[in-house]
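As structure tokens, the structure follows; a few thoughts come after it.
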Amino acid sequence: MRQLRKEHKSIVHWLTNLVPSFVNVTYEYPLAEELSLPTMAVESSDINYVPFQLGSDYKQNRRWSIYIFAQNIGQRDDYLDIIMDNLDDPIDVYNYDQGEDETSIDKIGYLLIESRSGNAIRVYKDLVKKLYWYGVVHFKTEFDAYGAG
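If you want our numbering, it's the position in the sequence shown, counting the first as 1, plus 174.
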């Protein structure tokens, strides 16, 4: 399994353990006709290569988004706060080549959080099939195979 997929699965695992069990956590943006509330979707976007030292070495950072679809404004704002607060700490990355159970597979490193932002976004009921309250958290990570400490 490629590194990006391990990071993506690890973020979904982290988020699933962060929110109540009735929240649907998905790997991609949900289709409108499949949307059940509350739902959170984890998507990766920009990958940047930044010169790391003299020569041709680069470090890689990646931008992630967590899209929040909530039943009401309070639920949306609570989830925005919970996610933003918990991004103070690194996210463990697991070696999913060894299996799917995070309790029995090795951690291969951490995602260090470089930056983060959260936004509440207005949804107009005339423009959607199902009314929901929407928010998004964007954050940038760098993988550290040696740990955060």
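All C-beta atoms in this analysis are idealised placements derived from N, C-alpha and C, irrespective of residue type, glycine included.
Predicted, not measured: the structure shown is a model, and the values here were computed from it.
Which of the three DSSP states is assigned to residue i in this structure?
{"i": "glutamate 288", "result": "strand"}
{"i": "arginine 250", "result": "helix"}
{"i": "methionine 175", "result": "coil"}
{"i": "lysine 180", "result": "helix"}
{"i": "glutamine 245", "result": "coil"}
{"i": "valine 186", "result": "helix"}
{"i": "lysine 314", "result": "strand"}
{"i": "tyrosine 232", "result": "strand"}
{"i": "lysine 281", "result": "strand"}
{"i": "aspartate 262", "result": "coil"}
{"i": "aspartate 255", "result": "helix"}
{"i": "aspartate 275", "result": "coil"}
Kindly indicate which residue of the options has the alpha-carbon position closest to the one of residue i.
{"i": "asparagine 260", "options": "Lys180, Thr190, Glu181, His182", "result": "Thr190"}
{"i": "valine 297", "options": "Gln245, Pro194, Ser291", "result": "Gln245"}
{"i": "histidine 187", "options": "Ile265, Glu202, Leu301", "result": "Ile265"}
{"i": "leucine 285", "options": "Lys180, Arg176, Met175", "result": "Lys180"}
{"i": "aspartate 318", "options": "Tyr268, Gln249, Gln272, Leu192", "result": "Tyr268"}
With C-beta atoms as the reference, is residue i less than 8 Å away from residue j?
{"i": "leucine 254", "j": "alanine 294", "result": "yes"}
Report all residues from its chain with a CB closer than 7 Å to the CB of residue i; omit the five preceding and five following residues, and keep chain order.
{"i": "leucine 211", "result": "Phe243, Ala244, Gln245, Tyr306"}
{"i": "proline 225", "result": "Tyr232"}
{"i": "tyrosine 201", "result": "His182, Val186, Val216"}
Please go through the same chain and pick out, in chain order, the residues whose beta-carbon is closer than 8 Å to the beta-carbon of residue i, but skip the five residues on each side of it.
{"i": "aspartate 262", "result": "Ile287"}
{"i": "alanine 206", "result": "Val302, Lys303, Lys304"}
Please classify residue i as buried or exposed, where buried requires at least 16 other C-beta atoms within 10 Å of its C-beta.
{"i": "tyrosine 241", "result": "buried"}
{"i": "phenylalanine 313", "result": "buried"}
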